[in-house]
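The letter at position 37 of the sequence shown is residue 37 when you use the UniProt record's numbering, and the numbering goes up by one with no holes. Note sheet for the following structure.
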Amino acid sequence: MATEPARPRRTRRRRLLRLLLWLPLLFVAASVLQVAVLRFVDPPFSAFMLARQAEAWRQGDWDFRVAYEWRDLDEISPWMPLAAIAAEDQNFARHHGFDLEAINKALEHNARGRRLRGGSTISQQVAKNLFLWSGRSWLRKGLEAWYTLLIEAMWPKRRIIEVYVNVAEFGDGIYGVQAAARSYWRTDAARLDAARCARLAAVLPAPRRYDARNPGPYVQRRAAWIQRQMRQLGGQAHLRQLD
């Protein structure tokens with residue numbers, strides 16, 4: 001029986017090896033380009049929005065539509081970015097993408113067997129929401145770390161918080177503060193007061209479980225705590241640290 005010559009097999013192996021060597025470089029180039037473009041271009045959607053829309057269609061809910069409407073930071077009540085920082089990442093203005101102190105506290109908290117607490121920064125959450133998927137895996141955490149580094153290196157802090165309050169989920173299929181303001185209170189994001197912004201920030205850990213419009217005891221307690229933290233941070237003057 002005739003056998004395939006060895007030389008063509010070696011040639012195919014070399015080509016495959018060359019391709020495998022190029023793939024990481026192509027990913028690096030593509031991801032850098034993604035982050036660079038979104039420094040100036042407002043994202044028309046996020047990975048989490050696409051996943052939620054696909055989930056609805058898989059379940060046969062063909063009428064479901066993600067609610068999302070972009071607003072620039074100067075068109076949003078300043079209470080909203082302040083509430084997000086107070087609730088999610090009080091060291092946001094000082095860290096470079098990773099808050100080691102918050103991570104250590106979360107590990108100690110979880111080690112005591114209490115309700116799991118994350119140590120993700122706002123920068124990490126932007127990376128995850130924009131580019132990745134939900135769930136827990138070393139691959140996703142590694143990609144999240146890479147995108148976080150890129151975001152922190154290429155975007156100013158004001159751009160990071162601007163994107164965050166626009167793509168964060170504030171209810172089932174409700175993404176961004178403008179969509180939340182319209183859906184819950186029939187108003188504009190610029191008109192939200194401190195109390196409503198605190199309630200929106202209070203649902204961020206589980207926006208499909210908690211309701212900012214009709215808050216239960218947990219959201220009320222957390223929103224009150226967030227407002228106290230907003231005052232301790234110095235109120236709206238704290239946002240000047242992002243410039």
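A virtual CB, placed ideally from N, CA and C, is assigned to each residue, including glycine.
query	result
If you scan the segment 120 to 183 from start to end, which runs of the beta strand (DSSP E) of 3 or more residues do you find wholly inside it?	169 to 171
Tell me whether the beta-carbon of Ser123 lies closer than 9 Å to the beta-carbon of Ile151.	yes
Could you tell me whether the segment 165 to 173 touches the segment 197 to 216, using the rule of 3 or more Cβ pairs below 8 Å?	yes
Taking the C-alpha atoms as reference points, what is the distance between Leu25 and Arg71?	34 Å
For Gln53, which residues of its own chain have a beta-carbon under 6 Å away from its beta-carbon, when the five flanking residues on both sides are left out?	Val66
Would you report the Cα separation of Ala36 and Ile160, rounded to the nearest angstrom?	13 Å
Compute the Euclidean distance between the alpha carbons of Leu20 and Arg12, then round it to the nearest angstrom.	12 Å
Under a Cβ-count criterion, where at least 16 other Cβ atoms within 10 Å of its own Cβ denotes burial, should Arg186 be classed as buried or exposed?	exposed
Could you check where the alpha helix (DSSP H) with Ile85 kicks off and where it finishes?	Trp79 to Glu88
Per DSSP, what are the beta-bridge partners of Ala68 in this structure?	According to the sequence as given, residue 68 is Tyr; it is not Ala. In the DSSP output, where bridge partners are listed per residue, Tyr68 has Tyr175.
With DSSP run on the structure shown, which of helix, strand or coil describes Leu116?	Because Leu116 sits at a pLDDT of 49, beneath the cut-off of 50, its placement in the model cannot be relied upon, and the point is left open.
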